[in-house]
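Asks: Residue numbers (our numbering): 569 to 1281.
Listed below in structure tokens is the structure:
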């Protein structure tokens, strides 16, 4: 995935640190918190806690949605992680689910409080413990033990738990820096790779305290005034589980890591192999193509049936390969194909708009994580003969009776011809030509429509309040899979030139809204825009370059000239490489379409910022300029949070405030059930100021006529 929020590098995938989660004063009954009910319960409307306290398989709310299913050696059981927010204790519970892939019988294993965390490497400096680990569970060769990263007393290490739950042991010499692990062939050792030198690097930094820290590439000023440790290299260790002794891994033991990890080349029967490789190796973002060889003979998979392949699996007898590929308009659909070795071409057995993740082949079926717009993640089987899908394990059966509004997929093109799509959710009973207020969410829209990317903008709760919601997918970066663009730096430099990529994204948003205006479904004067990460960048650019949106909310901010000063030397250098001007250059023409601070004197769109405290400094130039000029902005800072916020009570407050903000600006409703009177009084003062300065505020509905403008407009 291209890291669009370049300022944050791969922190675009990051969550909040463990410090954001309260440690309950009394033990949390995680067995009860995680346990799934047998029945759906009575029909009712959705509530915020329904979405926040979903039992999650993997991390669906992340920017890089993940799930890995692990099959037992005898192929009779599958294990995968589960976690759930606990609003009552402002904490999380986590554990494992062991599932029979044939009967669907599931049991909970090792429930415990807390999330496993891992450090985040920021192009060198490494922030300890600030990203929830993408937990992978792996079986011992005899099937008696499962090893996985877990939290215990706020510390993340590798643990092994017996499959009957009777025993649990920490694996010695492991910490949160574990990047990969595998069992030895005899099951007596565990081989672990990680950046174990970070502890020594951190200790060296503490020794500098008495003499001061030289300002260099170790600093990320927007995170801390202290430098962060830099790892020299990944180390591979071999741990004896009987004695606890640790030594460097042998070459043979290192090979076990490769066998445990997912490989792009896998062997079939005899000397047969299959692999995924870029269609155009010299182009960044080139789609991958499935290739197969029978010994020395390569078999070309007929194009385009094997383009855009994402994963593949041999059958047990080696007679066929099943694979998934992206296809359709804007690659918005997933196709499942089976290629019999003696057949001239693959056969498509399934085409779906739904989201499939973490698939695993078990006999004549695929086992996958599955989501649909109104279906939270569950485990399904897909028959590889017919393509029929069957629910196997649903951790959230309550959602079968929660009254969610259906989504309708829309397709349109951008100004330059790029394909774009989104999901439209309407309030119950919407009439033709309803001219509803609209909220647009940004970045990603695949799978369950929860709270958009990062889970801060609750789509179904907006619909229940009377809003139409358009959940949009970001268009592909301009220049992807293009001759001459070989690296991510090339791609970002190409998109930054004349803001080509941002203008294409803006064109997609404008045209998606125009589609609904033309249908008479929405009021063009009452359109709100929201976003996190790249979605927040889309909001900033839209508010300066489009007249489509009349109110907005962002989860992160900002990209201004001063941003580079607080982001640190590594980030500043990276931005310069992809076309941003040096901080010593004024560059007004470059900054005019992007910098909120540079446009503060004319900015008059009501904007809500709900920021993590780690990124708060990045917004200071904009906030200072807005306060100086009286621009209509309301900003909140959430303690101990990072790019994607996960504190359960924080998530509830963010949901409530976002709904109340758009209720106020687009529906003229004072949502005292969600925010306090002082908040509403401040917003009213903003509205009064906009009127006094002659700025046309967002249109609002009057009682009895949602389409009618206010008398003073």
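For each residue, glycine too, the CB sits at the ideal point set by N, CA and C.
1. Can you check which of these residues, 604, 1107, 1041, is closest to residue 1162 by C-alpha distance?
2. Report, in whole angstroms, the separation of the C-beta atoms of residue 951 and residue 932, which I expect to be a contact under 8 Å.
3. Would you tell me roughly how many angstroms separate the C-alpha atoms of residue 635 and residue 928, rounded to the nearest one?
4. For the region 865-885 and the region 1079-1088, state whether three or more C-beta atom pairs, one from each stretch, are separated by less than 8 Å.
5. Quick one: give me the first and last residue of the beta strand (DSSP E) that residue 730 is part of.
6. So, with DSSP's three-state summary, where would you put residue 1021?
7. The beta strand (DSSP E) that contains residue 943, what's its start and end?
8. Suppose the cutoff is 6 Å on Cβ atoms and the five residues either side in sequence are ignored; what does the same chain contact list for residue 594 look like?
9. With a floor of 3 residues, list each beta strand (DSSP E) that falls wholly inside the region 1033-1059, ordered by position along the chain.
10. Measure the C-alpha to C-alpha separation of residue 970 and residue 945 and round it to an integer number of angstroms.
11. May I have the straight-line CA-CA distance separating residue 820 from residue 707, to the nearest angstrom?
12. Just the Cα atoms here: how many angstroms apart are residue 1101 and residue 1211?
13. Looking only at C-alpha atoms, which of 906, 895, 913 sits nearest to residue 921?
14. For residue 737, count neighbouring C-beta atoms within 10 Å of its own C-beta (all shown protein chains included) and say buried if the count is 16 or more, exposed if not.
15. Pick from 789, 862, 1013, 993: whose alpha carbon is nearest that of residue 1032?
16. Which residue from 816, 1018, 864 puts its Cα closest to that of residue 838?
17. Please identify the residue among 881, 659, 1024, 805 whose C-alpha is closest to the C-alpha of residue 761.
18. Just to confirm my understanding: we take residue 845, look at its own chain, exclude 5 residues before and 5 after, and list those with CB closer than 8 Å. What are they?
19. Three or more C-beta pairs closer than 8 Å, one from the region 1035-1053 and one from the region 1128-1142: is that the case here?
20. Helix, strand or coil: which one does DSSP assign to residue 981?
21. Which value, in whole angstroms, describes the spacing of the CA atoms of residue 985 and residue 871?
22. For the region 1157-1174 against the region 1009-1023, are there 3 or more C-beta pairs whose distance is under 8 Å?
23. If the criterion is Cβ atoms closer than 8 Å, does the pair residue 972 and residue 949 meet it?
24. Give me the Cα-Cα distance between residue 1088 and residue 702, rounded to the nearest whole angstrom.
25. Beta strand (DSSP E) containing residue 651: first to last residue?
26. Does the region 1212-1227 touch the region 614-625, meaning 3 or more C-beta pairs lie closer than 8 Å?
27. Spatial neighbours of residue 592 within its chain, please: C-beta separation below 6 Å, excluding the five flanking residues on both sides.
28. Who pairs with residue 688 in a beta bridge, going by DSSP?
29. Over what stretch of residues does the beta strand (DSSP E) that includes residue 1159 continue unbroken?
30. Taking the alpha-carbon positions, what's the residue 900 to residue 989 distance?
31. So residue 766 and residue 742 are supposed to be a Cβ contact under 8 Å. How far apart are they, rounded?
32. Would you call the region 777-796 and the region 712-723 in contact, with 3 or more CB pairs under 8 Å?
33. Suppose you measure from the CA of residue 1214 to the CA of residue 815; what does that come to, to the nearest Å?
34. Take the Cβ of residue 1285 as the centre, count every other Cβ of all protein chains shown within 10 Å, and call the residue buried at 16 or more, exposed below.
35. Looking at residue 924 and residue 902, is the spacing between their C-beta atoms short of 8 Å?
36. Report the rounded CA-to-CA distance for residue 598 versus residue 1139, giving the unit in angstroms.
Replies: So, from the listed chains and residues:
1. 1107
2. 7 Å
3. 11 Å
4. no
5. 723-730
6. coil
7. 943-951
8. Low per-residue confidence applies at residue 594: pLDDT is 47, beneath 50, and the placement is therefore not dependable enough to give any value.
9. 1036-1040
10. 15 Å
11. 19 Å
12. 8 Å
13. 895
14. exposed
15. 993
16. 864
17. 805
18. 832, 856, 857, 859
19. no
20. strand
21. 23 Å
22. no
23. no
24. 44 Å
25. 646-654
26. yes
27. Here residue 592 scores only 46 on pLDDT, less than 50, and its place in the model should not be relied on; the value that follows carries that caveat. Only 657, 659 meet the Cβ criterion.
28. 695
29. Taken as a continuous stretch (DSSP letters only), residue 1159 belongs to no beta strand (DSSP E), being part of the alpha helix (DSSP H) at 1156-1159.
30. 8 Å
31. That belief does not hold up - the Cβ atoms of residue 766 and residue 742 are roughly 13 Å apart, past 8 Å.
32. no
33. 37 Å
34. Nothing can be reported for residue 1285, as the shown portion of the chain is limited to 569 through 1281.
35. yes
36. 40 Å
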